[in-house]
Amino acid sequence: AQSVAQPEDQVNVAEGNPLTVKCTYSVSGNPYLFWYVQYPNRGLQFLLKYITGDNLVKGSYGFEAEFNKSQTSFHLKKPSALVSDSALYFCAVRDGGNTPLVFGKGTRLSVIA
Amino acid sequence: EAGVTQFPSHSVIEKGQTVTLRCDPISGHDNLYWYRRVMGKEIKFLLHFVKESKQDESGMPNNRFLAERTGGTYSTLKVQPAELEDSGVYFCASSRTGSSPAFFGQGTRLTVV
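Residue numbers (the numbering used here), protein chains in the order written: chain A, 11 to 123; chain B, 127 to 239.
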């Protein structure tokens, strides 16, 4: 069965600094990997995905993530954090197509001005 | 294009009562998912519809939960009778295909008292 681990409950970063939100996964087949963000009082918003191809994928709002097969990781990154990036971030994996998404517990990102 | 909409946004009911949550997916999305997040825990899969058929209902916690998607459009999730542990945020998501990103609604916050 697939699983996702987000080892940090909270990440704090100063505005303008690079940010990383960590995610590792476990699947039996080929992973389909996703990042979602939840702003206060809002639903989950799709940020980016990795299905196949380049290991570095770019998504919305300047975010990117790097797929690392040997380390089974899919960390979310941004070169320069904004205060408006403060939100709850969820990593999710699907074991191939047409299977349910499995989510991590979420990481709360706080960007401090 | 309208997003996924859920109704109501909040519901407070007493233990033993019945509640029905509604989800309107993005038009043209055959795949519809229900998820639940209990406070501070992972977002857990409940079930997956493809059009009007239940593709996977392995995440449904027990027979107090009934989901329908008549006509393959909107879906309802009924909890009857509600228990305290059913409290949480219920998310609905839809996707065009089984492997494309799922787009989420804003969620229904259910509180059972």
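We treat Cβ as the ideally placed atom computed from N, Cα and C, and that holds for glycine.
Legend entry - Contained beta strand (DSSP E) runs [length at least 3] in the segment 155-192 of chain B, N- to C-terminal order: 157-163, 169-176, 179-182, all fully within the segment 155-192 of chain B.
Inset, instruction - Consider the Cβ of residue 73 of chain A: report whether some Cβ of chain B lies at a distance smaller than 7 Å. - result: Counted from its first residue, the first sequence places residue 73 of chain A at position 63. At a cut-off of 7 Å, the C-beta of residue 73 of chain A has no neighbouring C-beta in chain B.
Inset, instruction - Check the Cβ-Cβ distances between residue 117 of chain B and every residue of chain A, and say whether any is below 7 Å. - result: Past the edges of chain B, shown from 127 to 239, lies residue 117 of chain B, and the structure says nothing about it.
Inset, instruction - Report back the beta-carbon spacing between residue 169 of chain B and residue 159 of chain B to the nearest angstrom; my notes put them in contact at under 8 Å. - result: Taking the first residue of the second sequence as 1, we reach residue 169 of chain B at position 43. Taking the first residue of the second sequence as 1, we reach residue 159 of chain B at position 33. That belief does not hold up - the Cβ atoms of residue 169 of chain B and residue 159 of chain B are roughly 11 Å apart, past 8 Å.
Inset, instruction - Use the C-beta contact count for residue 62 of chain A: other C-beta atoms within 10 angstroms, 16 or more gives buried, fewer gives exposed. - result: The sequence position of residue 62 of chain A within the first sequence is 52, counting from 1. Note on residue 62 of chain A: under 16 other CB atoms within 10 angstroms of its CB, so exposed under the neighbour-count rule.
Legend entry - Residues sharing a beta bridge with residue 143 of chain B, DSSP: Locating residue 143 of chain B in the second sequence gives position 17, counting from the first residue. Under DSSP, residue 143 of chain B shares a beta bridge with no residue.
Inset, instruction - Let me know the beta strand (DSSP E) ranges lying completely inside the segment 13-85 of chain A, each 3 residues or longer, listed in chain order. - result: Listed in chain order, they are 13-15, 20-24, 29-31, 34-36, 41-48, 54-60, 66-68, 74-78.
Legend entry - Integer-rounded CB distance, given that residue 54 of chain A should sit under 8 Å from residue 103 of chain A: Numbered from 1 along the first sequence, position 93 holds the residue referred to as residue 103 of chain A. Numbered from 1 along the first sequence, position 44 holds the residue referred to as residue 54 of chain A. Their Cβ separation, rounded to whole angstroms, is 15 Å, which puts residue 103 of chain A and residue 54 of chain A out of contact at 8 Å.
Legend entry - Segment limits, beta strand (DSSP E) that includes residue 91 of chain A: As a working mapping, residue 91 of chain A is identified with position 81 in the first sequence. It is not in any beta strand (DSSP E) - residue 91 of chain A carries neither H nor E in the DSSP assignment.
Legend entry - Simplified DSSP assignment, three categories, for residue 98 of chain A: Here residue 98 of chain A corresponds to residue number 88 of the first sequence, with the count starting at 1. Residue state, collapsed to three classes: strand.
Inset, instruction - Answer with buried or exposed for residue 22 of chain A, where buried requires no fewer than 16 other C-beta atoms within 10 angstroms of its C-beta. - result: Here residue 22 of chain A refers to the residue found at position 12 when the first sequence is read from its first residue. Residue 22 of chain A comes out exposed.
Legend entry - residue 177 of chain B beta carbon less than 7 Å from that of residue 198 of chain B: In the second sequence, the residue the question calls residue 198 of chain B occupies position 72. In the second sequence, the residue the question calls residue 177 of chain B occupies position 51. Yes, the Cβ-Cβ distance between residue 198 of chain B and residue 177 of chain B is below 7 Å.
Inset, instruction - Below 9 Å between beta carbons is the criterion; list the residues of the segment 97-118 of chain A that meet it against any residue of chain B, in chain order. - result: The segment 97-118 of chain A vs chain B, Cβ under 9 Å: 100, 102, 104, 106, 107, 108, 109, 110, 111, 112, 113, 114, 115, 116.
Inset, instruction - From the DSSP output, read off the bridge partner residues of residue 132 of chain B. - result: Your numbering for residue 132 of chain B matches position 6 in the second sequence. Looking at the DSSP assignment, residue 132 of chain B forms a beta bridge with B:149.
Legend entry - residue 223 of chain B classed as buried or exposed, judged by whether at least 16 other C-beta atoms fall within 10 angstroms: In the second sequence, the residue the question calls residue 223 of chain B occupies position 97. Sixteen is the threshold: since fewer than 16 other Cβ atoms of the shown chains lie within 10 Å of the Cβ of residue 223 of chain B, the residue is exposed.
Inset, instruction - Label residue 145 of chain B either buried or exposed according to how many other C-beta atoms from any shown protein chain fall within 10 Å of its C-beta, with 16 as the threshold for buried. - result: Counting from 1 along the second sequence, the entry for residue 145 of chain B is found at position 19. By the neighbour-count criterion, in which a residue is buried when 16 or more other Cβ atoms sit within 10 angstroms of its Cβ, residue 145 of chain B is buried.
Legend entry - C-beta contact flag for residue 16 of chain A and residue 98 of chain A at 7 Å: Position 6 of the first sequence, counting from 1, holds the residue named residue 16 of chain A. Position 88 of the first sequence, counting from 1, holds the residue named residue 98 of chain A. For the pair residue 16 of chain A and residue 98 of chain A, the CB atoms are not nearer than the 7 Å cut-off.
Legend entry - Whole-angstrom distance between residue 66 of chain A and residue 82 of chain A, CA atom to CA atom: Position 72 of the first sequence holds residue 82 of chain A. Position 56 of the first sequence holds residue 66 of chain A. Roughly 14 Å between the two C-alpha positions.
Inset, instruction - Report the rounded CA-to-CA distance for residue 59 of chain A versus residue 78 of chain A, giving the unit in angstroms. - result: As a position in the first sequence, residue 59 of chain A is number 49, starting the count at 1. As a position in the first sequence, residue 78 of chain A is number 68, starting the count at 1. Take the alpha-carbon of residue 59 of chain A and the one of residue 78 of chain A: they are about 13 Å apart.
Legend entry - residue 194 of chain B, DSSP secondary structure in three states: Working through the second sequence from its first residue, we reach residue 194 of chain B at position 68. Look at residue 194 of chain B here: in three-state DSSP terms it is strand.
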